[in-house]
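Here is the structure we will look at, set down as C-alpha cells.
Number of protein chains: 2
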Amino acid sequence: MQKRAARPNGFPRKRFRFHPAQIVAFGFAGTILIGTLLLTLPIAKVGPGGATFMEALFTATSAVCVTGLIIVDTATYWTGFGQVVIMLMIQIGGFGIMTFASVIGLAVLRKLSLRARVTAASEVKSVGLEDVKGLVVGVVRISLIAEGVVAVMLTLRFMIGYEEPLGRAIWLGVFHAISSFNNAGFALFSDNLIGFATDPWICLPICGAVILGGIGFPVIVQLRKHLRSPLKWTMNTRLVLVGTIVLLVAGTVYITALEWSNPKTLGPLDWPDKILVGFFQAVQTRTAGFNSVDNAGLDSATLLGSDVLMFIGGGPAGTAGGIKITTFAVLFFILWAEVRGEVAVNVFGKRLSRAVHREAITVVLLAVFVIMSSTAALMVMTDISLDRLLYETMSAFATVGVSTGITAGLPVAGQVILILLMFIGRLGPVAFASAIALRDRRTAYEFPKERPLIG
Amino acid sequence: MQKRAARPNGFPRKRFRFHPAQIVAFGFAGTILIGTLLLTLPIAKVGPGGATFMEALFTATSAVCVTGLIIVDTATYWTGFGQVVIMLMIQIGGFGIMTFASVIGLAVLRKLSLRARVTAASEVKSVGLEDVKGLVVGVVRISLIAEGVVAVMLTLRFMIGYEEPLGRAIWLGVFHAISSFNNAGFALFSDNLIGFATDPWICLPICGAVILGGIGFPVIVQLRKHLRSPLKWTMNTRLVLVGTIVLLVAGTVYITALEWSNPKTLGPLDWPDKILVGFFQAVQTRTAGFNSVDNAGLDSATLLGSDVLMFIGGGPAGTAGGIKITTFAVLFFILWAEVRGEVAVNVFGKRLSRAVHREAITVVLLAVFVIMSSTAALMVMTDISLDRLLYETMSAFATVGVSTGITAGLPVAGQVILILLMFIGRLGPVAFASAIALRDRRTAYEFPKERPLIG
Ligand SMILES: [K+]
Ligand SMILES: [K+]
C-alpha cells in the first residue's frame, strides 16, 4: 500500500505549469497549424492558386508527425518553397518527439531510482531545465551529424550515378537524409523510391539512417559511450537492439518469401535485388514508410505481416512510431515467464519492474482500441477491403506512411480520421505511458482479494 | 519470493496420473476419432458410398468442439443415423468441456484460498473424485433440464406453427435444443435458421438456451442458489453477467445499425423483425453460431465487429468459446485502473488478484498469435479477402461456427488449419490458464530490478 506522495512526479512545480505532455501536444498542434498556413500560400503550390486547407492540413500533420502519408504528390504538387516547409516540419517534428520522449524517459527512470532509495531524501532530484537543455543539445547534435553523413552519401550518389547537377543533388541528398533519419518517408519522387529499388547506394544509406533514427536517442547515446562493453547496456538498450535485429531479419524473410514470385513486386527482379528490395521493405515498413515497390501490388498476407511490423514499430525516444519494441518485448517476456512458470519476469538477467507490465498492457490495449475503431469507421464510410484499410490505419497510427494508394481517395471524414490517428499515434503512447509511470498513485484502502476464472 | 511447494497443484497424485488437461485432450481426441469412424460408415451418409475421411473428421471435430462449421450440409448430406451421431458428439463435447473447466476452476479457487491461509495445514484439501462426480452430476442435470425445456418449446412450435408430425417435431426440437444449449450451432435445415428469422417462437427459446449454456456452469449454480442475493455473488458471476448484458446490448445495436438498410440482410424486413434478427445475430455471433441471415451478405464492418464478439466469447466453464468474458474483463479493469491511477485493480469492490493479470494477458496473447498466424497461412493459400478469412479463423478458434460460406471451398490444408483451430480454441484457453494458475512457481533467486521505456 502506498500513500499519496508529496512530491509531484519528478518535475519541479515552478518550472512547468503544464505537464510536459500538454506542452508538447500544444507545440505539435501549433507547428502543424503554422505549417498548414504556409502550405496554403500560393507560392507553396505549383501552378495558379493555393492548396486547399485539407491538403495543407493533411500534409502538415503528416510531416510534423513524421508519417509520410500524402494526399497530393510531394514531388509535383508543391514548389521548392513548399518542399522546404515540409522538410523543416519533419525536422521540427523529429527533434520534438525525440526530446520530449527523452525528457519523459529520464523523469521515469529517476522516479524509479528514487523509489528504490526513498529514505535518502537529500538525493531527491527532478528533471530541470538544465537537463532539458542538455538533452536538446544532444538530440540536435546527433541528428545533424547523422543527417549530414547520409546527405553527403546521397548527394554523391545522385551526382555520380544519376548525373544530377550539384545544387539539385545536394537538395535531394539533404531532403532525403532528413526524411529518413526522422523516419518520415516523404520523397521528392512521384513514385517514392521505386526508381532506386535496385540501387544499394541509395537504399542502404537511407536504411541506415532510418534504423539509427528508429532505435532512439537513449540507445544511440549509450552506444556512443559503451559500444564495446555490452555488460553496461541498460535493459532498454538490449531490448531495442535485439528487437530491432529480430524484426529486421524476420521482416525481410517474411516479405521476401511471400513476394518472391509476385509479378507486381519482386517477381521480375534477380535474386540479389529481390533480397535488397525485401530488406528495404522490411526496414521501411517498421516505421519510415519509404517504398521501393508499389505497395498496392503486395500480397494480402504481406500486408497483414506488415501490420504487425508497423504496430510494434521502433525504439522509444526516437523518431519511430508504433507501440515501441520495448512495449512489445515486455508482453513477450510476460508470456515467456508464464510459459516457463516463473514468479518474476526476467529480461536478460534483470527483473522486470511490475509497474511496467500494466503500463505496457495499457498502451497496447488503447492502441488496439484506437486502430480497430478507426478501421471500423473507415469500413462503414468506404467500400475498400479490410486488408487495405487496416494497412492504412496502422500506417497512420504507427506514423509509418506506407499506403496501398487509397489515401487521396478517402472521403474528407476518412482523411480527418487519419489526421487524428497520426497525431494520437505520434504522441499518445509515450504521453500515456509516461502519465501512468509518473503519476502518484492513490489508494483509499485495500479491498479483499478475489479472482474470476480465466480462459 | 516463493519456494518450491511440496504439494502438487491441488490434485492428489495417486488419483490422477496425468494432468486433467491431458486426460481431457485425449478424451476429446478419442471422441473425435470415434465420431469420425462412425460418420465414414455408409449408413451415415445419404446416397451410395460413405463420406470421405476429411468430411467425417471435419464434421466430428466441429461437433465435439461444439463449433458448427461445416463442409457438407448437415440437413441433406447425413442420414438420420449420421445426425444422431453428430447430436451425441455435441452432447459429449458440451458435457466434457463444462465438467473439465468446472473441475479446473474448483482446483484454481481452492489453491488460491489455500495460499491465503497457508499455515492451516490441516485444512489442505484437493479436488478428489467425489468432487468430480458431484460436478458431473450437476452438469448433466442442469444440461438435461435446460435442454428438455427448450426441446418441448421448440417441438410445440414445430408442430403448431409448421405442421410437422409429432415424431419429426420432437426430433427437430431435441436436436436444436441440444445444439443450442451446447452452443454448437448445427441445424437440420440447409439454410441454418434463415427460414425462421422472423419467428420469435423459434428464435427466442434458442437464444435463451445459447445464453444459458454460454454463461457457464459456476454462474448457473450460483444463480440457482443465490438468485435474489446478488451481494453473495462471486466476482466471476458478476463479471459474466454484466459482461453478457453489455455484449448483448452492444452487439445488437452495432449489428442492427450497420445492417439496417443492407438489402442482403436486414433491409427487406420490418423494423421489429430487424431488431429480432439483429438480436439473434448478436447472441449467435458471440459463441453459438446459428444464423438467421446469410452471413455472406453482412457488411465488412459487421464482420469486424463480429470478430470482436467472437474473440471475447462467453463465460468460463460453460459451452461458450473465445477467450472468455472474464479474461477480457480483467484486461479492461487493468486499463481502467491505469487510467484512474489506482494502485490495485479493483472489480466491483474486490481487489483483483495479481496473478490473474498475467494469466489473462498470456491467454490473450497466445490467442492473438494463433489466430493471426492461421489467418496469414490461409491468406497465402487462397485469394479470399482478409475480412472473410479473419471471420472464419475467429469463428473456428472461438468455436462459434459462423461463416461467410468459404469453409467447404478451402483447400485441404486450410481445412486442417480450421480443425486444429477448433481443437486448440476449445481446450487451449482453459488448459493454458489452468496450467499457469495451478503450477507451483519456482524461483532460483531474484534478479535486480530494472525497466525499459514504454510507448
Ligand atoms: K514515417
Ligand atoms: K458454436
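Protein sequence lines correspond, in order, to chains S and W. Numbering follows numbering that gives the first Met the number 0, with no gaps: position 190 of the first sequence is 189. Numbering follows numbering that gives the first Met the number 0, with no gaps: position 280 of the second sequence is 279. Even glycine gets a Cβ: it sits at the ideal position worked out from N, Cα and C.
Whole alpha helix (DSSP H) runs in the region 146 to 195 of chain S with 4 or more residues, listed along the chain? 165 to 180
Taking the straight line between their C-alpha atoms, what separation do you get for Gly104(W) and Leu330(S)? 25 Å
Go to Leu40(W), then tell me how far its beta strand (DSSP E) extends in each direction, as first and last residue. Here Leu40(W) belongs to no beta strand (DSSP E), and DSSP marks it neither H nor E.
Pull up the DSSP beta-bridge partners for Asn345(S), would you. Arg350(S)
Could you tell me whether any non-hydrogen atom of ligand 2 is closer than 7 Å to the CB of Gly321(W)? no
Here's the rule I'm using: 16 or more other beta-carbon atoms within 10 Å means buried, otherwise exposed. How should Gln1(W) be labelled? Since pLDDT at Gln1(W) reaches only 40, below the 50 mark, its modelled position is unreliable, and the value read off the structure follows with that caveat. Looking at its Cβ environment, which holds fewer than 16 other Cβ atoms inside 10 Å, Gln1(W) is exposed.
Of all the options Ile69(W), Gly92(W) and Ala74(W), which has the alpha carbon lying nearest to the alpha carbon of Gly404(W)? Residue Ile69(W) holds the alpha-carbon nearest to the alpha-carbon of Gly404(W) among Ile69(W), Gly92(W) and Ala74(W).
Taking the alpha carbon of Ile205(W) as the reference point, which residue from Leu417(W), Asn182(W) and Gln90(W) has its own alpha carbon closest? Asn182(W)
DSSP-derived helix/strand/coil call for Trp480(S): With chain S covering 0 to 454 only, the question about residue 480(S) has no answer from this structure.
Identify, in the order they occur along the chain, each residue of the same chain with its Cβ nearer than 8 Å to the Cβ of Gln82(W), setting aside the five sequence neighbours on each side. Thr73, Phe174 and Leu187
Any heavy atom of ligand 1 closer than 7 Å to the Cβ of Thr398(S)? Because some heavy atom of ligand 1 lies under 7 Å away, the Cβ of Thr398(S) counts as near it: yes.
Can you tell me whether Thr58(S) sits near ligand 1, meaning its C-beta is under 7 Å from at least one heavy atom of the ligand? no
For a quick check, are the C-beta atoms of Asp293(W) and Ile193(W) less than 8 Å apart? Asp293(W) is a Cβ neighbour of Ile193(W), given a cutoff of 8 Å.
Using a Cβ cut-off of 8 Å (strictly closer), state whether Ser299(S) contacts chain W. yes
Find the residues of chain W that neighbour Ala364(S), judging by a C-beta separation of less than 7 Å, and give them in chain order. First, the residue type needs correcting, since residue 364(S) is Leu and not Ala in the sequence shown. Simply Leu330 and Leu334.
Separation of Val209(W) from Ala281(W), as counted between CA atoms: Roughly 11 Å separates the two Cα atoms.
According to DSSP, which residues form a beta bridge with Trp77(W)? Lys44(W)
My guess is that Phe327(S) and Ile311(S) are in contact by the Cβ rule of under 8 Å, so how many angstroms apart are they, rounded? 5 Å
Tell me whether Ala183(W) counts as near ligand 2, meaning its Cβ is closer than 7 Å to at least one heavy atom of that ligand. yes
Output needed for Gly34(S): all residues of its chain with C-beta closer than 7 Å, excluding positions within five of it in sequence on either side, in chain order. Correct list, in chain order: Ala59, Ala62, Val63, Val84 and Met88.
Hey, quick one: how far does the alpha helix (DSSP H) through Val399(S) stretch, first residue to last? No alpha helix (DSSP H) contains Val399(S), which DSSP labels as neither H nor E.
Any beta carbon from chain S within less than 8 Å of Pro315(W)'s own beta carbon? yes
Using the beta-carbon count (16 or more within 10 Å), is Val149(S) buried or exposed? buried
Please classify Leu437(W): is it buried, with 16 or more other beta-carbons within 10 angstroms of its beta-carbon, or exposed? Leu437(W) comes out buried.
Can you grab the Cα-Cα spacing for the pair Arg387(W) / Thr392(S), in whole Å? 19 Å
Other residues of its chain near Gly95(W): CB distance less than 7 Å, five sequence neighbours each side excluded: Val23, Gly26 and Phe27
Can you give, in chain order, each stretch of the beta strand (DSSP E) that sits fully within the region 233 to 317 of chain S and has at least 3 residues? none
Does the region 360 to 375 of chain S come close enough to the region 429 to 436 of chain S that 3 or more CB-CB pairs lie under 8 Å? yes
Within 10 angstroms of the Cβ of Arg285(S), are there 16 or more other Cβ atoms? Answer buried if so, exposed if not. buried
Would the beta-carbon of Ala287(W) be found less than 7 Å away from any heavy atom of ligand 2? yes
What I want to know is whether the C-beta of Val65(S) ends up closer than 7 Å to one or more non-hydrogen atoms of ligand 1. yes
Mark Arg156(W) as exposed unless 16 or more other C-beta atoms lie within 10 angstroms of its C-beta, in which case mark it buried. Buried is the call here.
Interface residues of chain S around His225(W) at Cβ under 7 Å? What His225(W) touches in chain S: nothing, since even the nearest Cβ is about 16 Å away.
Helix, strand or coil: how does DSSP classify Lys231(S) here? helix
Identify whether Leu330(S) lies in helix, strand or coil by the three-state DSSP scheme. helix
Please state whether DSSP places Cys202(S) in a helix, a strand or coil. helix
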